[in-house]
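Peer 1:
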Amino acid sequence: MEQIIQTIAIFALPVIFAITLHEAAHAYVAKYFGDLTAYSQGRVSLNPIVHIDPVGTILIPTVLAIIYVSTGSGFLFGYAKPVPINYSNLKKPKRDMAWVALAGPGANFIMAFAWLLFATLLQALHVQEEFFMKMADAGVITNLVMFAFNLFPIPPLDGGRILFSLLPHKLAYQFAQIEPYGFFIVMGLVMMHVLQFWMGPVMLIANILLSLCMYPFNLLLGAF
Numbered sequence: 089m090e091q092i093i094q095t096i097a098i099f100a101l102p103v104i105f106a107i108t109l110h111e112a113a114h115a116y117v118a119k120y121f122g123d124l125t126a127y128s129q130g131r132v133s134l135n136p137i138v139h140i141d142p143v144g145t146i147l148i149p150t151v152l153a154i155i156y157v158s159t160g161s162g163f164l165f166g167y168a169k170p171v172p173i174n175y176s177n178l179k180k181p182k183r184d185m186a187w188v189a190l191a192g193p194g195a196n197f198i199m200a201f202a203w204l205l206f207a208t209l210l211q212a213l214h215v216q217e218e219f220f221m222k223m224a225d226a227g228v229i230t231n232l233v234m235f236a237f238n239l240f241p242i243p244p245l246d247g248g249r250i251l252f253s254l255l256p257h258k259l260a261y262q263f264a265q266i267e268p269y270g271f272f273i274v275m276g277l278v279m280m281h282v283l284q285f286w287m288g289p290v291m292l293i294a295n296i297l298l299s300l301c302m303y304p305f306n307l308l309l310g311a312f
């Protein structure tokens, strides 16, 4: 029980911020490109509370964390309240949809970088508190998982929206027809451990990019 409580404490903030700020990024970019739907509902905010879904943001991740600690297997999954977006309000709906969709994974990449920078600062300052190091590691891995998962090119995931935006109109329309079944397709791929063949390479590429972004900071901090 103590290990379960510790795991939940370590992952609580990283998971909540990863899920809710992902949605906030969608709202910010949608507003930038002309859709005020989320703005009118107070969703253009960095305040995680306005994006929290009690079930998807708190209950499901907590249960999955308990299962993982208890069994040593499983996967992390969660969601915030979806940001309402009226794509017809965007300046150029088909093109701008890609930017709105990309904003969510982009926010996760930035948060992964922020947590990695935090871990590097802890090491540079010789902070001995293990809890904060574990939280920083949790922040990196949580955001990398969300980054890779949401870029999977099946609607309604962000990767599906991006692919829809890039396809020619006729193919895009045909591709959009699978959206009602997209969630079940993705969950089926997760259960069959097929999605890992997407997640692994995408997370590896993201890790390489993070290392490149961290390089000047490592040089700077190494000088002290």
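Per this note's numbering, the sequence shown starts with residue 89, numbered consecutively. Backbone N, C-alpha and C define an ideal beta-carbon position, used for all residues, glycine too.
For I137, count neighbouring Cβ atoms within 10 angstroms of its own Cβ and tell me buried if that reaches 16, exposed if not.
Peer 2: What you label residue 137 is simply residue 49 of the sequence shown in a count that begins at 1. I137 should be labelled exposed.
Peer 1: Contact between the stretch 220-231 and the stretch 193-204: three or more CB pairs below 8 Å?
Peer 2: At 8 Å Cβ cutoff, the stretches touch.
Peer 1: Three-state secondary structure (DSSP) at E267?
Peer 2: Residue mapping note: residue 267 aligns to position 179 of the sequence shown, counting from 1. Note: E267 maps to helix in three-state DSSP.
Peer 1: Work out the CA separation of Q265 and A112 for me, nearest whole Å.
Peer 2: In the sequence shown, counting from the first residue as 1, residue 112 sits at position 24. In the sequence shown, counting from the first residue as 1, residue 265 sits at position 177. In a straight line, the C-alpha of A112 is about 27 Å away from that of Q265.
Peer 1: Provide the residue span of the alpha helix (DSSP H) that contains N238, from first to last.
Peer 2: Counted from its first residue, the sequence shown places residue 238 at position 150. Its alpha helix (DSSP H) spans residues 218-238.
Peer 1: Mind checking whether H245 and L239 have CB atoms under 9 Å apart?
Peer 2: As a first step, residue 245 must be located in the sequence shown, where it is residue number 157. As a first step, residue 239 must be located in the sequence shown, where it is residue number 151. It should be pointed out that residue 245 corresponds to Leu in this sequence rather than to His. Yes, they are a contact pair.
Peer 1: Are G122 and N177 closer than 9 Å when you measure CB to CB?
Peer 2: Looking up residue 122 in the sequence shown gives position 34. Looking up residue 177 in the sequence shown gives position 89. Yes. Within cutoff.
Peer 1: Let me check understanding here. Comparing Cα to Cα, which of K222, A186, V188, P172 lies closest to Y127?
Peer 2: Residue mapping note: residue 127 aligns to position 39 of the sequence shown, counting from 1. Ranking K222, A186, V188, P172 by Cα distance to Y127 puts P172 first.
Peer 1: Could you tell me the distance, in whole angstroms, from the CA atom of L297 to the CA atom of H114?
Peer 2: Looking up residue 297 in the sequence shown gives position 209. Looking up residue 114 in the sequence shown gives position 26. Near 22 Å, if we compare the C-alpha coordinates of H114 and L297.
Peer 1: What's the C-alpha gap between E217 and R183?
Peer 2: The sequence position of residue 217 within the sequence shown is 129, counting from 1. The sequence position of residue 183 within the sequence shown is 95, counting from 1. If I take the Cα positions, the gap works out to 47 Å.
Peer 1: Under three-state DSSP, which class holds F121?
Peer 2: Reading the sequence shown from its first residue, position 33 is the one you call residue 121. F121: coil per DSSP, three-state reduction.
Peer 1: Go to P193, then tell me how far its alpha helix (DSSP H) extends in each direction, as first and last residue.
Peer 2: As a first step, residue 193 must be located in the sequence shown, where it is residue number 105. From DSSP, the alpha helix (DSSP H) with P193 extends over 181-212.
Peer 1: So, under 8 Å CB-CB, L292 and L283 are touching, yes? Tell me the CB distance rounded to an integer number of Å.
Peer 2: As a working mapping, residue 292 is identified with position 204 in the sequence shown. As a working mapping, residue 283 is identified with position 195 in the sequence shown. Actually they are not in contact, since the Cβ atoms of L292 and L283 sit about 15 Å apart, beyond 8 Å.
Peer 1: What's the call for G130, buried or exposed, on a 16-neighbour Cβ count within 10 Å?
Peer 2: Working through the sequence shown from its first residue, we reach residue 130 at position 42. Per the 10 Å Cβ criterion, exposed.
Peer 1: Identify whether N295 lies in helix, strand or coil by the three-state DSSP scheme.
Peer 2: Here residue 295 refers to the residue found at position 207 when the sequence shown is read from its first residue. Helix.
Peer 1: Pick from A260, K180, I154, K169: whose alpha carbon is nearest that of V132?
Peer 2: Mapped onto the sequence shown, residue 132 falls at position 44. Cα-wise, what sits closest to V132 is K169.
Peer 1: How far does the alpha helix (DSSP H) with L251 in it reach, from first residue to last?
Peer 2: Counted from its first residue, the sequence shown places residue 251 at position 163. Per DSSP, L251 belongs to the alpha helix (DSSP H) from 246-254.
Peer 1: L147 to P193, Cα distance in whole Å?
Peer 2: Along the sequence shown, one-based indexing puts residue 147 at 59. Along the sequence shown, one-based indexing puts residue 193 at 105. When rounded, the distance between both Cα atoms is 22 Å.
Peer 1: Roughly how many angstroms separate the alpha carbons of F272 and P102, rounded to a whole number?
Peer 2: In the sequence shown, the residue the question calls residue 272 occupies position 184. In the sequence shown, the residue the question calls residue 102 occupies position 14. If I take the Cα positions, the gap works out to 26 Å.
Peer 1: Measure the Cβ-Cβ separation of A235 and V290 and say whether it is below 9 Å.
Peer 2: Looking up residue 235 in the sequence shown gives position 147. Looking up residue 290 in the sequence shown gives position 202. Inspection of the sequence shows that residue 235 is occupied by Phe rather than by Ala. Closer than 9 Å, so yes.
Peer 1: In the structure shown, what three-state DSSP assignment does L101 receive?
Peer 2: Position 13 of the sequence shown, counting from 1, holds the residue named residue 101. It is helical.
Peer 1: Could you work out which residue in N135, G288, V151, F305 is closest to V233 when comparing CA atoms only?
Peer 2: Looking up residue 233 in the sequence shown gives position 145. Closest option to V233, Cα to Cα, is G288.
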